[in-house]
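Student:
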Amino acid sequence: MAEFRLNEITNEQILIVESRLKRPKDYKDKEVVEKISFKENCPFCVGNEEQTPPEVYRDGDPWDVRVVENKFPILGREGAITGYHYVVIETADHSKNLHEMSEDEIYKVVKSFIKVSEELYKKQDVKYVQIFKNYKKEAGASLEHPHSQIIAIKKMPEKIIKQKKKTREYFYQNGRCFICDIIKNEIQNKERIVYIDEQYIIYCPFASIFPYEMAIAPLIHKSSILNMNDEEIRKLGSIILNALNRLQRNVGDVAYNLFFDFIRDENEYYHFQIRICPRISIHAGFEIATGLHTNVISPETASLILKVDK
């Protein structure tokens, strides 16, 4: 049986069609990947630093995390729309992915996201910063060595403008943050919660576009990840690791996109989130033609699978 669901902020229509459900075992990745800590021709490996563009951030000695300019940036310094495009080299180990890291290691990665974003927002020509990760080539990754990206842009993207407008309108009409109300509803409802503790909730959004899509949000209202202290950064890294480990354990080593949805300044209506969007289904002709997103696994089913502790 099919069911329409609407994302009230983006107005995206999602068609939940669980009759086409694939069980988690169907997504298990049977591919055996050779684990190596160093690859001679990899520009991101230790000793090959001269193969990357200029470095803008480093943590560790010689380094545990490096952030460099992207050799092939989406945005440059010339033209009507300018920006900055950085690559976050998450580890010196060629094969250690985020879900395989210790809490201390992922803390350093998240710290680099925040510190670099803080510096970017100090620039007069930056209106918006996006942090994202493409895991595996099916999700857009072009190099094996674990890395994320940060893009700063001169103009606020229209999608973010609309989200700010919608959440602001909701706040003025109801006196409450939209995401705060979503979180309250998810806690009362319980059926889409993957994990919750005293600070964060991981849940499968009601209008999930992707099978096993997860949202991570702070329980206390917060608009930005900027200016977090070390303890807050560690906690954020820990909750991201929690979500990624659940995806690995219960679904498999699947491709995904991870992105941070935050703004520069704190306000009463915008609530930051992190989204993890597994790429185990392809949006094809029907989706392109109609603008409808089809999801073959309901968020209720997804949360039941993802919440399993093994």
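Counting from 1 along the sequence shown, just add 692 to a position and that's the residue number in the numbering used here.
All residues carry an ideal CB built from backbone N, CA and C; glycine is no exception.
#1: In three-state DSSP terms, what is residue 770?
#2: By how many angstroms is the C-alpha of residue 760 removed from the C-alpha of residue 742?
#3: Distance check for residue 708 and residue 859, CA to CA, integer angstroms please.
#4: Between the Cα of residue 756 and those of 770, 762, 729, 776, spot the shortest distance and give me the residue it belongs to.
#5: Which residue marks the beginning of the beta strand (DSSP E) containing residue 759, and which one marks its end?
#6: Within the same chain, show all residues whose beta-carbon is closer than 6 Å to that of residue 717, passing over the 5 residues directly before and after it, in chain order.
#7: In this structure, how does DSSP classify residue 705 when only helix, strand and coil are distinguished?
#8: Quick check on residue 733: buried or exposed, where buried means 16 or more other Cβ atoms within 10 Å of its Cβ?
#9: Between which two residues does the alpha helix (DSSP H) containing residue 815 stretch?
#10: Below 8 Å on the Cβ atoms is my contact criterion, and I expect residue 710 with residue 988 to pass it. Report the Cβ-Cβ distance as a whole number of Å.
#11: Pick out whichever of 857, 906, 960 has its Cα sitting closest to the Cα of residue 951.
#12: Around the C-beta of residue 929, are 16 or more other C-beta atoms found within 10 angstroms, so that it is buried, or is it exposed?
#13: Do residue 900 and residue 970 come within 8 Å of each other at the CB atom, strictly closer than that value?
#14: Tell me the rounded alpha-carbon separation between residue 818 and residue 693.
#15: How big is the Cα-Cα spacing for residue 1000 and residue 897?
Tutor: Let me lay it out:
#1: Looking up residue 770 in the sequence shown gives position 78. Judged by DSSP in its simplified three-state form, residue 770 adopts coil rather than helix or strand.
#2: By 1-based counting over the sequence shown, the position of residue 742 is 50. By 1-based counting over the sequence shown, the position of residue 760 is 68. Computed Cα separation, rounded: 11 Å.
#3: As a position in the sequence shown, residue 859 is number 167, starting the count at 1. As a position in the sequence shown, residue 708 is number 16, starting the count at 1. Each residue's alpha carbon lies about 25 Å from the other.
#4: The residue given as residue 756 occupies position 64 in the sequence shown. Distance from the Cα of residue 756 is smallest, within the candidate group 770, 762, 729, 776, for 729.
#5: Looking up residue 759 in the sequence shown gives position 67. That run of the beta strand (DSSP E) goes 757-761.
#6: By one-based count along the sequence shown, residue 717 stands at place 25. Caution is warranted here: a pLDDT of 48 is assigned to residue 717, below 50, making its placement in the model unreliable, and no coordinate value can be reported.
#7: Taking the sequence shown and counting its residues from 1, the one referred to as residue 705 is at position 13. Strand at residue 705.
#8: The count along the sequence shown starts at 1 and reaches residue 733 at position 41. Residue 733 counts as exposed, since fewer than 16 other C-beta atoms from the protein chains shown sit within 10 angstroms of its C-beta.
#9: Within the sequence shown, numbered from 1, the residue matching residue 815 stands at position 123. Annotation: residue 815 is outside any alpha helix (DSSP H) and is labelled neither H nor E by DSSP.
#10: Position 18 of the sequence shown, counted from the start, is the residue given in the question as residue 710. Position 296 of the sequence shown, counted from the start, is the residue given in the question as residue 988. Taking the Cβ atoms as the reference, residue 710 lies roughly 7 Å from residue 988, within the contact range of under 8 Å.
#11: Numbered from its first residue, the sequence shown carries residue 951 at position 259. If we check each option's Cα against that of residue 951, 906 comes out closest.
#12: Position 237 of the sequence shown holds residue 929. Residue 929 is buried by the Cβ-count criterion.
#13: As a working note, residue 970 is residue 278 in the sequence shown. As a working note, residue 900 is residue 208 in the sequence shown. With contacts defined by Cβ atoms closer than 8 Å, residue 970 and residue 900 do not form a contacting pair.
#14: If you number the sequence shown from 1, residue 818 lands on position 126. If you number the sequence shown from 1, residue 693 lands on position 1. Whole-angstrom Cα-Cα distance: 46 Å.
#15: For the purposes of this step, residue 1000 is identified with residue 308 of the sequence shown, where counting begins at 1. For the purposes of this step, residue 897 is identified with residue 205 of the sequence shown, where counting begins at 1. Distance between the alpha carbons of residue 1000 and residue 897 is about 18 Å.
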